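Protein chains: 2
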Amino acid sequence: YSARISRDMSNLIKWLVFAVVTGCIVGAASTLFSVTLKAVTGYRKAHEWIFLLLPLSGLIIVFLYEKLGKEDGGTNQVLSTVRSRDDVPILSAPLIFITTALTHLTGGSAGREGAAIQLGGSIANQLGRWIHLDEEDRHVIVMCGMSAAFSALFGTPMAAAVFALEVVSVGVMYYAALMPCMIASLVASGFAAGMGITPESFHVTDIPALTIESGLKMGVVALGCAVVSIVFCIALNGAAGLYVKWFKNKYVRVVAGACLVIAVTFMLRTNEYMGAGAELIERAVEDGQADTFAFFWKMVLTALTMRAGFRGGEIVPSFCIGATFGCVMGNLMGISPSICAACGMAAVFCGVTNCPITSILIAFEMFGFKGVSFYLIAVSISYAASGYYGLYKDQTIVYSKYKAKYVNRHTRF
Amino acid sequence: YSARISRDMSNLIKWLVFAVVTGCIVGAASTLFSVTLKAVTGYRKAHEWIFLLLPLSGLIIVFLYEKLGKEDGGTNQVLSTVRSRDDVPILSAPLIFITTALTHLTGGSAGREGAAIQLGGSIANQLGRWIHLDEEDRHVIVMCGMSAAFSALFGTPMAAAVFALEVVSVGVMYYAALMPCMIASLVASGFAAGMGITPESFHVTDIPALTIESGLKMGVVALGCAVVSIVFCIALNGAAGLYVKWFKNKYVRVVAGACLVIAVTFMLRTNEYMGAGAELIERAVEDGQADTFAFFWKMVLTALTMRAGFRGGEIVPSFCIGATFGCVMGNLMGISPSICAACGMAAVFCGVTNCPITSILIAFEMFGFKGVSFYLIAVSISYAASGYYGLYKDQTIVYSKYKAKYVNRHTRF
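If you read the protein sequences in the order shown, they are chains A and B.
Numbers 1 to 413, taken from the working numbering, label the letters of the first sequence in order.
Numbers 414 to 826, taken from the working numbering, label the letters of the second sequence in order.
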């Protein structure tokens with residue numbers, strides 16, 4: 001009996017220590033990453049001509065991956081590592097750091113959380129190798145790294161920890177990693193906050209009472225968001241298919257993609273779709289304002305940028321698409337556009353990642369707890385209506401979305 | 414393609430309707446249940462002599478179950494129904510309603526959420542039979558019923574919905590039921606609120622900043638809570654074993670148990686352990702005050718009451734045990750007893766039910782979002798350190814708590 005207790009206790013302490021160490025190291029790397037992205041975005045805004053260098057930065061990114069990252073599979077590879085189908089190399093970390101910074105510097109429409117997940121996952125995997133963790137413990141430390149990086153970047157420790165547990169196999173929660181991921185997340189977000197990275201948070205104004213009318217209206221908004229998330233997945237996949245079909249050569253492809261992005265941007269005469277789109281989210285949630293087709297153009301530009309070979313992530317763009325779409329729907333339906341933008345963000349995130357609990361928690365951490373009933377409605381309806389589409393082809397949906405039965409299928413694009 | 418869309422849409426609408434119907438019917442039943450419990454508790458407080466009738470009410474409860482409820486397996490049976498190992502009968506609903514009211518009327522130390530889950534589960538199962546749902550859909554509607562009843566009783570729709578998804582098989586989330594459970598929960602809690610049932614909520618005072626010191630202290634409190642939750646499970650099981658060994662006859666057993674409860678209560682010269690213990694929770698969380706051994710006596714009296722044959726539930730007592738224990742620990746460790754009481758409640762709940770996400774959500778809904786970092790630490794450490802003990806013998810832990818691997822074992826007491 002006492003042998004079991006001492007074994008369990010030493011296991012607990014082992015993971016507390018690993019989690020704190022992972023949280024510190026990954027937290028430091030992500031903080032640096034966050035600071036770098038802020039700096040290059042600031043530079044890009046001050047020197048608008050740099051946008052014209054988008055084709056050049058694309059060439060550099062493709063060159064780097066051709067030379068150094070042949071085995072790099074992006075965010076998917078991190079998910080596969082957790083399921084021991086693959087092994088994310090340490091080289092992933094500097095590669096994704098530099099290429100994401102280049103993408104943001106030259107104004108590509110891309111996020112940063114996919115990059116963070118790869119950064120955290122590959123650093124943690126390397127840590128696990130150094131301390132000779134066995135296969136199963138390596139999965140846990142990779143999840144810690146994912147959580148820590150996500151958490152340092154966004155300042156949302158709870159959503160970050162649950163995301164790592166939830167995203168790999170939808171319907172299965174890797175609870176063995178719960179405590180390590182929570183601790184690593186809290187440490188990393190504390191580290192980032194201490195270094196002056198302020199957590200992302202938006203102030204939702206004008207939250208109506210939950211009535212049958214407002215509930216039904218939010219249901220309609222959520223259905224719309226589910227459709228948008230399906231369309232976004234199809235657009236990403238469609239862009240990838242067309243690029244490969246038209247431009248066999250990767251260098252040609254990235255230059256063509258960059259030129260397309262530049263052309264669309266000049267046509268629209270706006271620079272607000274460059275980068276992750278935080279300003280669009282802020283305007284949609286805090287002021288309840290968004291252009292009617294902002295979500296559409298953000299979708300097009302993200303698909304064109306990301307699938308041409310640029311790096312970053314699709315999650316912050318999906319936030320942006322959700323927030324602007326929700327805001328427009330709110331104005332259309334006559335219900336507070338601010339809460340609709342917040343709900344739209346959570347709902348589209350849920351639609352493309354199939355992670356309902358994370359979506360609800362991210363809404364709490366970014367928007368506060370007050371609109372809780374609306375977040376619940378939006379996320380649960382979006383989950384049910386968004387089908388088996390998803391951003392990550394190595395994600396599996398373990399239980400059917402429609403029936404309480406085992407399906408274990410990959411997501412589709 | 415359009416055939417699939419219309420099939421998915423009709424599935425969505427079907428479940429929206431079922432969820433609203435289940436939410437209304439179960440919400441109404443639970444509201445009545447809640448009002449009844451409040452009335453009998455008020456009567457008990459005004460007429461203290463009624464506590465002496467505890468043996469008599471025990472006899473009636475045992476008689477009713479002997480005559481009408483031979484096949485009744487309590488909360489466990491509801492969990493089994495969701496996994497199609499069993500089928501909760503409709504007679505469960507009135508039986509648990511009456512027997513829980515009797516237990517509370519005569520001052521037994523028992524909760525009410527187990528009763529609510531049985532009430533909701535059996536009504537929803539009957540609804541499912543009437544509308545000829547197939548096996549898999551019946552599981553979903555039973556989960557809706559569980560959520561709706563829990564939600565109406567506590568006013569915590571989010572925790573109630575996630576609890577139904579999480580509790581049956583720990584590590585597997587029945588997301589097919591997410592949308593129906595959320596909607597049923599929201600409808601039921603709206604219904605209850607409309608009928609004047611105020612949601613349970615407590616005001617946590619004096620939340621410290623998360624520092625290394627306060628985080629470590631909270632970790633120690635959480636470890637203590639994990640131990641307490643293990644001891645509580647062992648105490649319940651030990652009481653059951655001793656009762657069966659000493660008193661073969663069920664009628665003799667319940668009378669002996671009632672006499673023991675009366676004897677202990679007279680020895681302690683207090684009536685504060687009667688019923689669910691909401692006052693103790695309130696005092697611990699809001700005023701930061703609790704007797705040093707309150708958690709111990711609540712544990713003893715709950716084990717003696719529940720395992721003698723009385724009805725109700727073990728969750729609210731476990732809240733009470735956690736809150737009073739956390740409060741005492743907080744005073745000992747020199748960290749805000751109020752936040753420690755709140756964390757203790759969530760942590761012990763997590764320890765006995767093995768539902769970490771529900772525990773975190775319940776803390777948000779009852780105490781607000783402000784102490785979030787502490788709830789995360791307390792719940793995740795308690796989950797990791799509480800072993801495979803649990804309140805429900807038909808609960809399975811699908812993935813190991815210590816390694817990222819498949820174990821699929823039943824909880825132990």
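In this text, a Cβ means the ideal position worked out from N, Cα and C, and glycines have one as well.
Just so we're clear, the structure is a prediction, and the values are computed from it rather than from any experiment.
Proximity of residue i and residue j at Cβ, strictly below 7 Å
i, j, result
"A/Ala160", "A/Ala192", "no"
"B/Gly558", "B/Ile544", "no"
"A/Ala385", "A/Phe367", "no"
"B/Ser827", "B/Leu623", "With chain B running from 414 to 826 in the structure shown, residue 827 of chain B is simply not present."
"B/Leu774", "B/Val575", "yes"
"B/Phe762", "B/Ser731", "yes"
"B/Ala442", "B/Leu532", "yes"
"A/Phe150", "A/Ala116", "yes"
"B/Asn489", "B/Asp704", "no"
"B/Val555", "B/Gly534", "yes"
"A/Met345", "A/Gly322", "yes"
"B/Leu649", "B/Ala577", "no"
"B/Ala502", "B/Gly568", "Reading off the sequence shown, one finds Pro at residue 502 of chain B, where the question assumed Ala. The answer is no: Cβ separation not under 7 Å."
"A/Pro180", "A/Trp297", "no"
"A/Ala240", "A/Arg307", "yes"
"B/Gly690", "B/Cys733", "yes"
"B/Ala432", "B/Ile596", "yes"
"B/Leu508", "B/Gly486", "no"
"B/Tyr805", "A/Asn11", "no"
"B/Leu518", "B/Val448", "no"
"B/Thr444", "B/Met680", "no"
"A/Thr396", "A/Ser109", "no"
Cut-off 6 Å between Cβ atoms - residues of its own chain near residue i, not counting five sequence neighbours on either side
i, result
"A/Met329", "Val221, Gly224, Cys340"
"A/Ile315", "Gly111, Glu113"
"A/Met274", "Gly107"
"A/Lys217", "Met333, Ile335"
Own chain partners of residue i with C-beta closer than 8 Å, once the 5 adjacent residues on each side are dropped
i, result
"B/Ile474", "Thr512, Leu515, Thr516, Val667, Gly722, Phe723, Arg724"
"B/Tyr802", "Ser642, Ile643, Cys646, Ile647, Gly764, Val765, Thr824, Arg825, Phe826"
"B/Tyr819", "Val811, Tyr812, Ser813"
"B/Glu692", "Glu685"
"A/Glu66", "Lys250"
"B/Gly541", "Asp550, Arg551, Ile554, Val555"
"B/Phe615", "Ile694, Glu695, Val698, Glu699, Ala755, Met779, Phe780"
"B/Met571", "Met595, Ser598, Leu774, Phe777, Glu778"
"A/Ile50", "Tyr43, Arg44, Leu105, Thr106, Gly107"
Beta-carbon proximity list for residue i, same chain, < 7 Å, skipping 5 on both sides
i, result
"A/Glu166", "Met173, Cys355, Ile357, Thr358"
"A/Ile207", "Ser336, Ile339, Lys370, Gly371"
"A/Tyr251", "Leu59, Val62"
"A/Leu376", "Ile360"
"B/Lys658", "none"
"A/Ser214", "Pro208, Ile335"
"B/Leu546", "Ile554"
- Message: Contact between the region 693-705 of chain B and the region 486-498 of chain B is defined here as three or more beta-carbon pairs at a separation below 8 Å; is this criterion met?
- Response: no
- Which parts of the region 646-733 of chain B are runs of the alpha helix (DSSP H), unbroken and 4 residues or longer, counting only runs that do not cross its ends? 663-681, 691-695, 707-721
- Are there three or more Cβ pairs, one per stretch, closer than 8 Å when the region 162-177 of chain A is compared with the region 46-58 of chain A? Here the region 162-177 of chain A does not lie against the region 46-58 of chain A, with fewer than 3 beta-carbon pairs under 8 Å apart.
- Quick one: any contact between the region 432-442 of chain B and the region 595-610 of chain B, if contact means 3 or more CB pairs under 8 Å? yes
- Could you list the residues in the region 797-810 of chain B with a C-beta less than 8 Å from some C-beta on chain A, going in chain order? Ala797, Ala798, Gly800
- Meets three-Cβ-pair contact criterion under 8 Å: the region 375-382 of chain A and the region 253-269 of chain A: no
- Message: In chain order, what are the residue ranges of uninterrupted alpha helix (DSSP H) at least 4 long that sit wholly in the region 74-134 of chain A?
- Response: 74-82, 92-105, 113-130
- the region 349-362 of chain A: positions lying closer than 9 Å to chain B by Cβ: Result list: Asn354, Pro356, Ile357, Ile360, Leu361.
- Closer than 9 Å, Cβ to any Cβ of chain B: which residues of the region 213-240 of chain A, in chain order? Gly215, Gly219, Leu223
- Query: For the region 479-491 of chain B, which residues have a CB atom closer than 7 Å to at least one CB atom of chain A, in sequence order?
  - Reply: none
- chain B contacts made by the region 169-180 of chain A, where a contact means CB separation under 8 Å: Val170, Gly171, Val172, Met173, Tyr174, Tyr175, Ala176, Ala177, Leu178, Met179
- At which residue ranges does the region 737-764 of chain B contain complete alpha helix (DSSP H) runs of 4 or more residues, listed in the order of the chain? none
- For the region 552-570 of chain B, which residues have a CB atom closer than 9 Å to at least one CB atom of chain A, in sequence order? His552, Val553, Met556, Pro570
- Query: Which runs of the beta strand (DSSP E) spanning at least 3 residues fall entirely within the region 360-405 of chain A, listed in chain order?
  - Reply: 396-399
- Please go through the region 595-620 of chain B and give each complete alpha helix (DSSP H) segment of 4 or more residues, from N-terminal end onward. none
- Residues of the region 688-713 of chain B whose Cβ lies closer than 9 Å to any Cβ of chain A, in chain order: none
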